[in-house]
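Undergrad: Just add 169 to the spot in the sequence shown (first one is 1) and you have my numbering.
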Amino acid sequence: MLSDNLTKKLNAQINSESYSVILYLQMSAWCSSKGYDGCATFFRLQATEEKQHMEKLFDYMLETGALPQLGQIDAPPTSWDSVKDIFQETLQHEVEISREISALVEVALNEKDFSTHNFLQWYVAEQHEEEFKLKSTLDRIEMITAEGHGVYTIDREVSRLTQQATSSARKDQY
Ligand code: OFO
């Protein structure tokens, strides 16, 4: 059974993940409006993943007998200066989510709620993967920019990385 404290904090995390869904959908819309189709697909897939993160928490709470509560979500920004800017903001956002997950893990440990602690390990691994993926994508963007190529090359590269990630995720399922 979840403590009131953890119930409150897991609900707050559901809200953070919900914000991630709309942030990435909005980023996808901005990329589409600029014709950056590779980046638009990348952020659309990110939004789908975030919905799964949110639902995983939602289901876990239900399994423990707690009531998931969906709170108000702030509106995300609607425009960015460049593709590099959008990826930098995404990385910062994920670093912040990692910090939230670490704080949750600490609370679960302090309360000796080992079931929730174990459940949260999935998010710890996921955040490591997300930060790594975004950092590598940003490194590529910086490299491409330094070589003097334009946004078209960046968009194609993001599309290629997204296809690679999608096909390896599919392989992991088998
Ligand atoms: Fe990308 O953050 Fe969810 O957990």
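Ideal placement from N, C-alpha and C gives every residue a C-beta, glycine not left out.
Tell me, please, whether the segment 170-189 touches the segment 281-301 by the rule of three or more beta-carbon pairs shorter than 8 Å.
TA: The answer is yes - the segment 281-301 touches the segment 170-189, with three or more Cβ pairs under 8 Å.
Undergrad: Can you tell me where the alpha helix (DSSP H) holding Glu299 begins and where it ends?
TA: On the sequence shown, residue 299 is found 130 positions in, with the first residue counted as 1. Taken as a continuous stretch (DSSP letters only), the alpha helix (DSSP H) holding Glu299 covers Phe283 to Ala315.
Undergrad: Buried or exposed, going by whether 16 or more other CB atoms sit within 10 Å of the CB of Met312?
TA: Numbered from its first residue, the sequence shown carries residue 312 at position 143. Exposed is the call here.
Undergrad: Check the C-beta distance from Ser248 over to Trp199 and give it rounded, since I have them as a contact under 8 Å.
TA: Taking the first residue of the sequence shown as position 1, residue 248 is located at position 79. Taking the first residue of the sequence shown as position 1, residue 199 is located at position 30. With 8 Å as the limit, Ser248 and Trp199 qualify as a contact, their Cβ atoms being about 6 Å apart.
Undergrad: Roughly how many angstroms separate the alpha carbons of Leu194 and Glu263, rounded to a whole number?
TA: On the sequence shown, position 25 is the one that residue 194 refers to. On the sequence shown, position 94 is the one that residue 263 refers to. Taking the straight line joining both Cα atoms gives about 15 Å.
Undergrad: Determine the extent of the alpha helix (DSSP H) in which Ile242 is found, giving its start and end residues.
TA: Here residue 242 corresponds to residue number 73 of the sequence shown, with the count starting at 1. No alpha helix (DSSP H) contains Ile242, which DSSP labels as neither H nor E.
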